[in-house]
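Please read the structure below before turning to the comments.
In the working numbering, the protein residues as written are 1215 to 1703.
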């Protein structure tokens, strides 16, 4: 599989696109005014302990207090009465109010929720992830070759057995790497962790102790694999910055870095801009004529599969099966591209044959294997729905680029002009009973006023007769269809 990483940099914004075989698979956006926090380490202070939620709110210097759950707190095992190691799981035994605590952000603030924290600090580099509070060694599940897994695990295990105070996870990028490169990575991580500890020792609560790399460099550390043929940067200054970073930490990548000086914007050349626009739409067209409908809500994301204009050539079951197979590939791409997280419910078209259901599920699992975020599929429910989860650490593409519509307040629908007319009638009745006035003035949108003066004119006349007062109407061009005011005169 051929991959390219495209990096578009402007002073206020950095965008990174991962393209596989000419098709956009992932896009990450970081803005200078609102940089992501995942990976940052802070010296925090516990401001409130909530036993009922088994959690605590922590002040780390952000606009909202952050959230720390009991399960995300690393503590030494307590020794029980019989001498057995035992860990207390109650939040009141783990932290206390006003306590200073070193924490790391594992989930950015999303919507109205503050950042999610952990005290299990992890420091990633190219080949390894340092685990300061552990001495275990793990290997990425994406490294499938047993001999390679054994080689890497034994090498890293030897570091720990030689007195290394920390544990490690071997990253996918370490596959095929020399042991000298892995050892160099380890020394760098230990040096970095020592500097973090030194800064933490003198840090005041609410201060940043360690900041993760910016998107420009983080993408090289996390996304670049052997399949990446080219990294293209459209800014000369940042091309030099990327090159210097790779000279120091990723020497094998230097030859694949390319500066793009073209007049035509890099993202436009690869059709990335159009793909980003499509990723903000509800409807995703499939090549066969079928389509997906994707709806994001605060609780979960739903994906509905429809045959649309695809009529097939053989039986109905075969048509449905082929549409679902194509949809499985498209869903895996859309989930990555839109950075959808949390619970995702997929409503495939109902299939009768169990073998078809199994193949569609397998196609979805296989398509999601290349996803960098952890996914879990629970199978087909009794209602024929596929339930899955995807680890959410950052805002989805829609939440980064968009905001709720001020007209409908994010509902996606408006009250009809007719509905607003009847609300106005009820408001006039209510106010006429409560207050004395010679006449009433109704301010509303042009559509509502037109309806009141035309189709509802008879109702308005009846209402004037009933309340014994005249009613005037005035169109307000800045009012939305749902806005209105009844003024007593």
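Think of the CB as a built atom: it goes at the ideal place given N, C-alpha and C, for glycine as much as any other residue.
Contact annotation: the region 1360-1368 does not touch the region 1415-1429, with fewer than three C-beta pairs closer than 8 Å. By the C-beta criterion, the region 1506-1524 is judged not to be in contact with the region 1262-1279, since fewer than 3 inter-stretch pairs fall below 8 Å.
About 17 Å separates the beta carbon of residue 1255 from that of residue 1309, a gap too long to meet the 8 Å contact definition. Of the candidates 1415, 1268, 1468 and 1342, 1342 places its Cα closest to the Cα of residue 1371. For residue 1664, the enclosing alpha helix (DSSP H) has its first and last residue at 1660-1667. Note that the region 1580-1594 touches the region 1531-1546; at least 3 beta-carbon pairs, one per stretch, sit closer than 8 Å. Scanning 1236, 1234, 1244 and 1237 for the CA closest to the CA of residue 1224 turns up 1244.
Exposure of residue 1237 is indicated by the presence of fewer than 16 other C-beta atoms within 10 angstroms of its C-beta.
Residue 1414 and residue 1333 have their C-alpha atoms roughly 13 Å apart. Taking one beta carbon from each stretch, the region 1669-1682 and the region 1598-1609 have fewer than 3 pairs nearer than 8 Å; the two do not touch. When secondary structure is reduced to three states using DSSP, residue 1411 falls in the helix class. For residue 1529, no pairing in a beta bridge is given by DSSP. One Cα belongs to residue 1684, the other to residue 1629, and the distance between them is close to 26 Å.
The beta carbon of residue 1324 sits closer than 6 Å to the beta carbons of 1609 from its chain, once the five residues preceding and following it are set aside; these are given in chain order. In this structure, residue 1687 lies near residue 1667, with their beta-carbon atoms less than 8 Å apart.
Within the DSSP secondary-structure output, residue 1321 pairs in a beta bridge with 1330. A buried status is given to residue 1353, since no fewer than 16 other beta-carbon atoms sit within 10 Å of its beta-carbon. CA-to-CA, the gap between residue 1348 and residue 1286 works out to about 14 Å. With a contact defined as Cβ atoms closer than 8 Å, residue 1442 and residue 1471 miss out at about 10 Å. With the rule of 3 Cβ pairs closer than 8 Å, the region 1398-1409 does not count as touching the region 1227-1235. Residues of the same chain with a CB within less than 7 Å of the CB of residue 1251, apart from the 5 flanking positions on each side, are 1319, 1322 and 1329 in chain order.
In this structure, DSSP gives residue 1465 a helical state, which the three-state scheme calls helix. By the Cβ rule, the region 1550-1570 counts as touching the region 1505-1515, because three or more pairs are nearer than 8 Å.
Here residue 1280 is buried: its Cβ has 16 or more other Cβ atoms, across all protein chains shown, within 10 Å.
Judged by DSSP secondary structure, residue 1675 falls within the alpha helix (DSSP H) whose first and last residues are 1671-1681. Residues 1575, 1578, 1579, 1582, 1600, 1601 and 1602 of the same chain have their beta carbon placed closer than 8 Å to that of residue 1591, with the five preceding and five following residues left out of the count. When secondary structure is reduced to three states using DSSP, residue 1266 falls in the helix class.
Closest in alpha carbon position to residue 1564, among 1557, 1531 and 1351, is 1531.
The Cβ atoms of residue 1514 and residue 1486 lie no closer than 8 Å to each other. Close CB contacts of residue 1499 within its chain, under the 6 Å cut and outside five residues either way in sequence, are with 1505 (chain order). Shown here, residue 1284 sits in a helix according to DSSP, grouped into three states. Contact check for residue 1436 against residue 1222 fails: the beta carbons are separated by 8 Å or more. Relative to the Cα of residue 1467, the nearest Cα in the group 1494, 1422, 1502 and 1340 belongs to 1340. Here residue 1380 carries a coil assignment [DSSP, helix/strand/coil]. Taking the Cα of residue 1367 as reference, the smallest distance to any Cα among 1356, 1378, 1377 and 1383 is reached at 1383. For residue 1638, the CB contacts under 8 Å within the same chain, skipping 5 residues up- and downstream, are 1656, 1658, 1662, 1666, 1698 and 1700 in chain order.
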